[in-house]
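In the numbering used here, the protein residues as written are 27 to 90.
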């Protein structure tokens with residue numbers, strides 16, 4: 027894979043800044059690896075797995 031140019035890095039950073047919000051998540055020691063393993067076994071990224079869990083929880087609460 028070719029190295030990423032500074033212009034590409036700047037463009038990606040600008041895109042992410044304009045299109046995404048960041049949330050810092052703090053979990054007890056060891057839990058990050060448990061979640062990462064669960065995400066991997068589900069065939070998802072850690073971020074995708076957490077987002078899916080949040081969406082499912084919010085959907086359940088709306089239906090209740």
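In this text, a Cβ means the ideal position worked out from N, Cα and C, and glycines have one as well.
Asked, Found
"Nearest to residue 51 by alpha carbon, out of 64, 63, 86 and 72?", "72"
"So what's residue 76 in DSSP terms, helix, strand or just coil?", "helix"
"Nearest CA to the CA of residue 80: which residue from 60, 59 and 49?", "49"
"To the nearest angstrom, how far is it from the Cα of residue 82 to the Cα of residue 67?", "18 Å"
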